[in-house]
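K.L.:
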Amino acid sequence: MERSARLGRIAFFLVLFGAVSLAATVTMLVPAVALEGGGQAGQNGQMIRMNLEARNGTGLVFVATSPLIGSDTQSSARTAVAAGMSAAGMNASSYDILVSLDADKARTVDGPSAGAAMALLTISALTGKQIRGDFTITGTVSGDGSVGGVGGVPSKIEAAAKEGITVVAVPASSSIFDKILVASERKRLGISVYEISSIREAEALAFSPPGSSPELPPQRAGGPISGLPAYSYECAACGIDSFRQFSQGMISDMDEAIAAAQSGAGDNSALIPYLQKSAADSHEMFDKGYYYTGANNAFLAYIDAKLLANAAVTKDGLDLLLSRVDACTGGLSRPAPTDSSVEFVAGGDMRATWARLKLSEVRSREENESSSQEGLLGLYEDALYAQGWCEIAQGLYAAASPLGGGRVNESVLEAFAGSRVSGARGMLDSGLVSGSDAEWHALGAKTALESGYYLAALLDADYVLAFADAENASNLSAAQAGELGSGLASTKGSTLWSALFFAHSSFYSIADGNPGSRNTVTIGCIAKRFGEDATLAKEYLANPGTAPAAQATPQATAAPARQAAGPTGTDTALIFLLAAMLVVTQAVNVVVFRAMERRLKEAGGGSRGQAGRKAAAGKRGG
Numbered sequence: 002m003e004r005s006a007r008l009g010r011i012a013f014f015l016v017l018f019g020a021v022s023l024a025a026t027v028t029m030l031v032p033a034v035a036l037e038g039g040g041q042a043g044q045n046g047q048m049i050r051m052n053l054e055a056r057n058g059t060g061l062v063f064v065a066t067s068p069l070i071g072s073d074t075q076s077s078a079r080t081a082v083a084a085g086m087s088a089a090g091m092n093a094s095s096y097d098i099l100v101s102l103d104a105d106k107a108r109t110v111d112g113p114s115a116g117a118a119m120a121l122l123t124i125s126a127l128t129g130k131q132i133r134g135d136f137t138i139t140g141t142v143s144g145d146g147s148v149g150g151v152g153g154v155p156s157k158i159e160a161a162a163k164e165g166i167t168v169v170a171v172p173a174s175s176s177i178f179d180k181i182l183v184a185s186e187r188k189r190l191g192i193s194v195y196e197i198s199s200i201r202e203a204e205a206l207a208f209s210p211p212g213s214s215p216e217l218p219p220q221r222a223g224g225p226i227s228g229l230p231a232y233s234y235e236c237a238a239c240g241i242d243s244f245r246q247f248s249q250g251m252i253s254d255m256d257e258a259i260a261a262a263q264s265g266a267g268d269n270s271a272l273i274p275y276l277q278k279s280a281a282d283s284h285e286m287f288d289k290g291y292y293y294t295g296a297n298n299a300f301l302a303y304i305d306a307k308l309l310a311n312a313a314v315t316k317d318g319l320d321l322l323l324s325r326v327d328a329c330t331g332g333l334s335r336p337a338p339t340d341s342s343v344e345f346v347a348g349g350d351m352r353a354t355w356a357r358l359k360l361s362e363v364r365s366r367e368e369n370e371s372s373s374q375e376g377l378l379g380l381y382e383d384a385l386y387a388q389g390w391c392e393i394a395q396g397l398y399a400a401a402s403p404l405g406g407g408r409v410n411e412s413v414l415e416a417f418a419g420s421r422v423s424g425a426r427g428m429l430d431s432g433l434v435s436g437s438d439a440e441w442h443a444l445g446a447k448t449a450l451e452s453g454y455y456l457a458a459l460l461d462a463d464y465v466l467a468f469a470d471a472e473n474a475s476n477l478s479a480a481q482a483g484e485l486g487s488g489l490a491s492t493k494g495s496t497l498w499s500a501l502f503f504a505h506s507s508f509y510s511i512a513d514g515n516p517g518s519r520n521t522v523t524i525g526c527i528a529k530r531f532g533e534d535a536t537l538a539k540e541y542l543a544n545p546g547t548a549p550a551a552q553a554t555p556q557a558t559a560a561p562a563r564q565a566a567g568p569t570g571t572d573t574a575l576i577f578l579l580a581a582m583l584v585v586t587q588a589v590n591v592v593v594f595r596a597m598e599r600r601l602k603e604a605g606g607g608s609r610g611q612a613g614r615k616a617a618a619g620k621r622g623g
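Its first residue numbered 2, the sequence shown is counted upward by one per residue in our numbering.
(1) Using only CA atoms, which one of Leu182, Ala65, Phe531 lies nearest to Asn311?
(2) Quick one: what's got a C-beta closer than 8 Å to Met86's C-beta in the same chain, skipping five residues either side?
(3) For the candidate residues Glu159, Gly153, Val169, whose alpha-carbon lies nearest to that of Gly134?
(4) Gly153 and Ile46 - do their beta-carbons sit closer together than 8 Å?
(5) Which same chain residues, not among the five before or five after Val62, have their C-beta less than 7 Å away from its C-beta?
(6) Just to confirm the assignment: which complete alpha helix (DSSP H) runs, minimum length 4, are found wholly within the stretch 224-250?
(7) Work out the CA separation of Gly332 and Glu392 for me, nearest whole Å.
(8) What separation, rounded to the nearest whole angstrom, lies between the Cα atoms of Ala500 and Phe531?
(9) Considering only the beta carbon of each residue, do Asp350 and Tyr464 sit closer than 8 Å?
(10) Give the secondary structure of Val585 by DSSP, where H, G and I count as helix, E and B as strand, and everything else as coil.
(11) Counting only the same chain and skipping the five closest in sequence on each side, list residues whose C-beta sits under 7 Å from that of Glu202.
(12) CA-CA distance, Ser174 and Ser412?
(13) Determine, using beta carbons only, whether Met428 and Val422 come nearer to each other than 8 Å.
(14) What's the call for Asn410, buried or exposed, on a 16-neighbour Cβ count within 10 Å?
(15) Grab me the residues of Gly290's own chain with a C-beta within less than 6 Å of its C-beta, minus the 5 sequence neighbours each way, in chain order.
(16) Suppose you measure from the CA of Gly191 to the CA of Lys157; what does that come to, to the nearest Å?
(17) My output table needs one value for Phe666: the three-state DSSP class, helix, strand or coil.
(18) Exposed or buried, which one is Pro545 when buried takes at least 16 other CB atoms within 10 Å?
(19) Helix, strand or coil: which one does DSSP assign to Asp461?
(20) Counting beta carbon pairs with one atom in the stretch 264-277 and one in the stretch 315-335, are three or more of them shorter than 8 Å?
(21) Please list, in chain order, all residues of the same chain as Met29 whose beta carbon is under 7 Å from its beta carbon, the five residues on each side excluded.
(22) Taking its Cβ as the centre, do 16 or more other Cβ atoms sit within 10 Å of Ala538, making it buried, or is it exposed?
(23) When you compare only the Cα positions, how much space is there between Gly389 and Tyr509?
(24) When you compare only the Cα positions, how much space is there between Asp145 and Ala65?
(25) Check whether the Cβ atoms of Ala306 and Ala384 lie closer than 8 Å to each other.
(26) With distance defined between alpha-carbon atoms, name the residue in Ala356, Glu368, Ala261 nearest to Lys316.
(27) What is the DSSP secondary structure of Gly267, reduced to helix, strand or coil?
(28) Using alpha carbons as the reference points, say which of Ser341, Val171, Ile241, Ala237 lies closest to Glu159.
(29) Would you mind giving the Cβ-Cβ distance between Ala120 and Ala84, rounded to the nearest angstrom? I have them listed as a contact below 8 Å.
(30) I believe Val1 touches Tyr381 by the beta-carbon criterion, under 8 Å. Please report the beta-carbon distance rounded to the nearest angstrom.
(31) Pairing CB atoms from the stretch 392-405 with CB atoms from the stretch 352-369, are three or more of them under 8 Å?
(32) Should Ala471 and Val522 be called a contact, given that it needs their Cβ atoms to be closer than 8 Å?
(33) For Gly514, which option in Gly483, Gly424, Gly140 has the closest C-alpha, if you only look at C-alpha atoms?
(34) Go through its chain and collect everything with a Cβ distance to Arg519's Cβ below 8 Å, but skip five positions before and after it.
(35) In chain order, what residues of the same chain have a beta carbon less than 6 Å from the beta carbon of Ser365, not counting five sequence neighbours either side?
(36) For the alpha helix (DSSP H) that contains Glu392, what are its first and last residues?
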């Protein structure tokens, strides 16, 4: 019996000792872009000290920061730790992880860009592998260990170099804009920058000997989209064939831009395969019937190709582009909307509005941001978007003209559009939806409304309202989100933009391999809003008497002439009567107060009487 007890105590201490021996704390400097006051992202990167402690536990993940932490960082930490556990071959439910970050000058910490670093630190803490001191990484991480793109990569590389870091891992999926600047920073700073796609590739760098330059397999742009079925529409009368022709023109413009970029890429020729992959994707999307998806992808590749061809842009080059955008927006010829063309016209109105807003924004930033090559290239990219949107507006207006139909009076939609625009603004102001995309579409909706583009205002507001719908859906279980996404992705729209966006949602359901993905649900919510509001709008246009009436602005009633001349005899008598009543009331109050004070003193005095005076004084003061 005694021997069994002794063995039990030994076993207990061995278990306790084993638990303690598995605890470990590791640390790494990771790059970030500081978020300064007012919610505006700063232009300069900074390094954040990230500490991670692993101990035996039950699968809990704690994150603490100085300063405060945002919800994106909290949710991404769980995904990152799970990816690290999986890569280390550990059971996530057997350990607790505590992550702490010291962001120094940043006022808040948010975003998933430290996910890859958390995953590596988790692996290091659990396996004992040492992360080399001259290494850092930026990137999101998914549950399967893939590393995704983040913003501000060039600024992060510069911040790392200032801290003596010589090896930086960045996502291979970074934008062409970032890739151009990364290539420039790599050359200027003499720093090794590796593009990676997975945590496995990150491990090969992070756990290599300090000072070494490991070789990774070259990044490939990727193959064709797998398993993409043909898509069919069920609204032949909504203008799908006309949009198909417009989409084909957008893809041709992309092909020409990529060919031009290929001949003038120079030092950035290694980026051409990424453009070629985008071009192949756009053609496949179009060929399979995803017309909006193909056109949108082609538009983005078109912008990237134009940017690559002008990577060494000068201030004069920016000014020349801005003058072309001015000429484009000023020369737009908007056709009168008809019952057959109103959605095409509204699509053109939206892009025309975006082009003018973006042009104004670039002009306002030009003086402060054009002094550096990074700032100049950023302005040039935004100016390309303005130009591209203006050209799309031209194309949609041109597609609208041959459709014919009866003229409609779009002004009957003013009140309907106004209510949607107010609703979208309310979603933002209440915090139910946030982000730069939501702000952009809310601004577009407001501007379109003020310009008399009422259906365009409706559609832009619908983006914001749909973002809120998707945000509500984010609280669903995986099974519920999958059911919602499947329903949206399988819906066939009956109006032009709803049909195109339901197809867009269907594409992402397949491409993401998950019908409940955020892309699928968000785009599906947009399509649903588009369909409902475009259907209502067309009913109002066909039957103007059923449309909501605009609220008349109350007019100030003119004061009678006798009031302007001063009070009458009756008015004067009333004034004196009121004054007399006030005097009497004050006198009565004084009498009552003195009587109360005397009774309290007689009843007990002392502290009780003092309390009574305070209470009475309080009543008078109120």
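Glycine is no exception: its CB is placed at the ideal position from the N, C-alpha and C atoms.
P.N.:
So, from the listed chains and residues:
(1) Leu182
(2) Asn92, Ala93, Tyr96, Thr123, Leu127
(3) Val169
(4) The sequence given here places Gly at residue 46; Ile does not occur at that position. Cβ atoms of Gly46 and Gly153: closer than 8 Å.
(5) Ala78, Arg79, Val82, Ile98
(6) none
(7) 11 Å
(8) 9 Å
(9) no
(10) Residue placement at Val585 cannot be trusted, given a pLDDT of 40 that sits under 50; the coordinates are not used to answer.
(11) Leu217
(12) 45 Å
(13) no
(14) exposed
(15) Ala231, Tyr232
(16) 15 Å
(17) For the chain, the structure presents residues 2 to 623; residue 666 sits outside this window and is missing.
(18) exposed
(19) helix
(20) no
(21) Met51, Ala118, Leu122, Ile132, Thr137
(22) buried
(23) 24 Å
(24) 25 Å
(25) no
(26) Glu368
(27) helix
(28) Val171
(29) 5 Å
(30) The structure shown does not extend to residue 1, since the chain is modelled only from 2 through 623, so no value can be given for it.
(31) yes
(32) yes
(33) Gly483
(34) Ala471, Ser475
(35) none
(36) 374-401
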